[in-house]
Structures are given as structure tokens and as C-alpha cells.
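Enquirer: Please read through the structure below; I'll follow up with questions.
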Amino acid sequence: MKLRLPGRRPAETTPDPTVDLTTQQATAVGKGRPTPKRNEAQGRRQGPPPPPPRTRKEAYKRMREQQAANRGSAREAAARGDDSALPARDRGPEKRLVRDVVDARRNAGSLFLVVAALVLVGYFIPNQAVQSYTVYLWFAFFLIIIGDSIVLGRRIKKVVAERFPNATRTKGLVWYGISRATMVRRWRFPKPQVAVGAEV
Numbered sequence: 011m012k013l014r015l016p017g018r019r020p021a022e023t024t025p026d027p028t029v030d031l032t033t034q035q036a037t038a039v040g041k042g043r044p045t046p047k048r049n050e051a052q053g054r055r056q057g058p059p060p061p062p063p064r065t066r067k068e069a070y071k072r073m074r075e076q077q078a079a080n081r082g083s084a085r086e087a088a089a090r091g092d093d094s095a096l097p098a099r100d101r102g103p104e105k106r107l108v109r110d111v112v113d114a115r116r117n118a119g120s121l122f123l124v125v126a127a128l129v130l131v132g133y134f135i136p137n138q139a140v141q142s143y144t145v146y147l148w149f150a151f152f153l154i155i156i157g158d159s160i161v162l163g164r165r166i167k168k169v170v171a172e173r174f175p176n177a178t179r180t181k182g183l184v185w186y187g188i189s190r191a192t193m194v195r196r197w198r199f200p201k202p203q204v205a206v207g208a209e210v
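Residue numbering for the sequence shown is 11 to 210, as defined by my numbering.
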């Protein structure tokens, strides 16, 4: 035991090397747990960073690959109907509702390409009767499309008025739905989100 002379400061205690200083500091401030290390707090990287491009050609190649990946993800989001990835003409809850109304029914306009192919084949057949029937089929199909479009337009107006009574672009929504109805179902974009016959 050493005698302490008056006026001298008490001797500083030497820290125990067997005790973790981080644990001591955490206990002193009352955290109850050791302070995490820097690499644990910031999170670990997923593998080493890629080396920088050595040539301009390599840098351009990497940029094209990244742009292609971004375009692919954006197109997938647009195909699902995500408003943030859709073009301006397809955005909005009213447009989504119109797409569901169109996709939930069988539309005569979706047969346009099939009938057009039959008419084209009929024109090349060297038979006057077949060509005459082809013309009649073409006019009859156009009349069916007009009638189906009128029914579809009324359906769109009715549903939009019920769900969105403050909508003012009803005419534009009708034409939007009719133009979508003339496309083959599997070629529509954004892709249909409802089954045929579903209640909308």
C-alpha cells in the first residue's frame, strides 16, 4: 500500500487488458450491448466491387447492359399495369377500369385480323362467287364491330359513371376502350389483369 501525499492526484488505474474496452464503454453509457463495428453498422457488401472499365468500349458495353436491364424491369412493371411505369395514355384509375371492362368480355374486334386474313385469301381465289361472298363477309363483320363497339361504349360509360362520378373525359375513355377491344387479347398492353367473364 502506497501512501498518498497531500496535494497529489490519486493514481490512475491501469485498464485491465483482458476486458474489452467497447464493452466497458457500452456499460458505462447504459446501452446494455456492445457498440457495433463500422462494417457491421454499414452492412456488408455483396461481393467485391467490379473493377473499373479499362477502355471506352468496355464502359459503353456496361452502360448498354445496365440500360437493357432497366428497360426490361420497366417493361415488366408496365405489363403488370404499374402506373409509375406506364406511358401517359395508359395511366390513371379510369384507364385501368376501362381496361378491365374490355378484358372481361369477348369482343368482336379481337377477330379483326382473322377475318381480314380470310378476306385477303378470298380475293386471290379465282372464283367470282367466292370473291362476292368475301365482300359480303367483310361488310357484315364491319357491321358487327360497329354494333359491338356501341354496346361496349355504353358499358364503359355506365361503369365509369358509377365508380368515378367526377370523370370528365368519358368520350376519350370510350375510344380508349374500343381501340383496346380491336386488339387480340394476348397482344394487349398492358396485359389483361382480369379473366374473361369476370365481374368488373
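Yeah, the Cβ is synthetic: ideal placement off N, Cα and C, and Gly gets one too. In this text, all values refer to a predicted model and were calculated from it rather than measured experimentally.
1. Of the choices SER120, THR180, VAL140, GLU209, whose alpha-carbon is the least far from that of ILE156?
2. Taking the Cβ atom as the reference point for each residue, do PRO103 and PHE199 lie within a distance shorter than 9 angstroms?
3. Assign LEU208 to buried or exposed, taking buried as 16 or more other Cβ atoms, counted over all protein chains shown, within 10 Å of its Cβ.
4. Classify SER159 as buried or exposed, calling it buried when 16 or more other Cβ atoms lie within 10 Å of its own Cβ.
5. Grouping DSSP H, G and I as helix and E and B as strand, with all else coil, what is GLY102?
6. What is the DSSP secondary structure of GLN73, reduced to helix, strand or coil?
7. Rounding to the nearest angstrom, what Cα-Cα distance links ALA67 and PRO58 in this structure?
8. What does the alpha-carbon distance come out to for the pair PHE149 and ALA118?
9. Pick from LEU153, VAL184, ASN176, ILE154: whose alpha carbon is nearest that of LYS167?
10. Any idea if LEU153 is buried or exposed, counting beta-carbon neighbours within 10 angstroms, 16 or more meaning buried?
11. For GLU172, which of helix, strand or coil comes out of DSSP?
12. Classify ALA191 as buried or exposed, calling it buried when 16 or more other Cβ atoms lie within 10 Å of its own Cβ.
13. Here's the rule I'm using: 16 or more other beta-carbon atoms within 10 Å means buried, otherwise exposed. How should VAL206 be labelled?
14. Kindly give me the distance between the Cβ atoms of VAL161 and THR144, rounded to whole angstroms, as I take these residues to be in contact under 8 angstroms.
15. Could you check if LEU96 is buried or exposed, using at least 16 other CB atoms within 10 Å of its CB as the buried criterion?
16. What would DSSP say about PHE199, mapped onto helix, strand or coil?
17. From what residue to what residue does the alpha helix (DSSP H) around SER189 run?
18. Check THR5 in the structure and name its three-state DSSP category.
19. Starting from ALA127 and walking both ways along the alpha helix (DSSP H), at which residues does that stretch end?
20. Select from ALA69, MET73, THR65, ASP100 the residue whose C-alpha is nearest the C-alpha of LYS201.
Expert: Let me spell this out:
1. In the sequence shown, residue 156 corresponds to position 146, counting from 1. Among SER120, THR180, VAL140, GLU209, the Cα nearest to that of ILE156 is on SER120.
2. Position 93 of the sequence shown holds residue 103. Position 189 of the sequence shown holds residue 199. No.
3. Taking the sequence shown and counting its residues from 1, one reaches residue 208 at position 198. Inspection of the sequence shows that residue 208 is occupied by Ala rather than by Leu. Under this definition ALA208 is an exposed residue.
4. Indexing the sequence shown from 1 puts residue 159 at position 149. With 16 or more other Cβ atoms within 10 Å, it is buried.
5. Sequence index remark: in the sequence shown, residue 102 carries index 92 (1-based). Coil at GLY102, not helix or strand.
6. Working through the sequence shown from its first residue, we reach residue 73 at position 63. Note that residue 73 is Met in the sequence shown, not Gln. MET73: helix per DSSP, three-state reduction.
7. For the purposes of this step, residue 67 is taken as the residue at position 57 of the sequence shown. For the purposes of this step, residue 58 is taken as the residue at position 48 of the sequence shown. Strictly speaking, residue 67 in this sequence is Lys, with Ala absent from that position. In a straight line, the C-alpha of LYS67 is about 23 angstroms away from that of PRO58.
8. Taking the first residue of the sequence shown as 1, we reach residue 149 at position 139. Taking the first residue of the sequence shown as 1, we reach residue 118 at position 108. It is roughly 14 angstroms from the alpha-carbon of PHE149 to the alpha-carbon of ALA118.
9. Here residue 167 is taken as the residue at index 157 of the sequence shown, counted from 1. That would be VAL184, whose Cα lies nearest to the Cα of LYS167.
10. Along the sequence shown, one-based indexing puts residue 153 at 143. LEU153 comes out exposed.
11. Numbered from 1 along the sequence shown, position 162 holds the residue referred to as residue 172. Helix.
12. Here residue 191 corresponds to residue number 181 of the sequence shown, with the count starting at 1. Residue burial is scored here from C-beta neighbours: ALA191 has at least 16 other C-beta atoms within 10 angstroms and is therefore classed as buried.
13. Counting from one through the sequence shown, the residue named residue 206 turns up at place 196. So VAL206 ends up on the exposed side.
14. Residue mapping note: residue 161 aligns to position 151 of the sequence shown, counting from 1. Residue mapping note: residue 144 aligns to position 134 of the sequence shown, counting from 1. The Cβ separation is near 26 angstroms, so there is no contact.
15. Working through the sequence shown from its first residue, we reach residue 96 at position 86. LEU96 should be labelled buried.
16. In the sequence shown, residue 199 corresponds to position 189, counting from 1. It is coil, neither helix nor strand.
17. Working through the sequence shown from its first residue, we reach residue 189 at position 179. For SER189, the uninterrupted alpha helix (DSSP H) segment begins and ends at 180-191.
18. For the chain, the structure presents residues 11 to 210; residue 5 sits outside this window and is missing.
19. Walking along the sequence shown from the start, residue 127 turns up at place 117. For ALA127, the enclosing alpha helix (DSSP H) has its first and last residue at 122-133.
20. Within the sequence shown, numbered from 1, the residue matching residue 201 stands at position 191. Of ALA69, MET73, THR65, ASP100, the residue nearest in Cα terms is ASP100.
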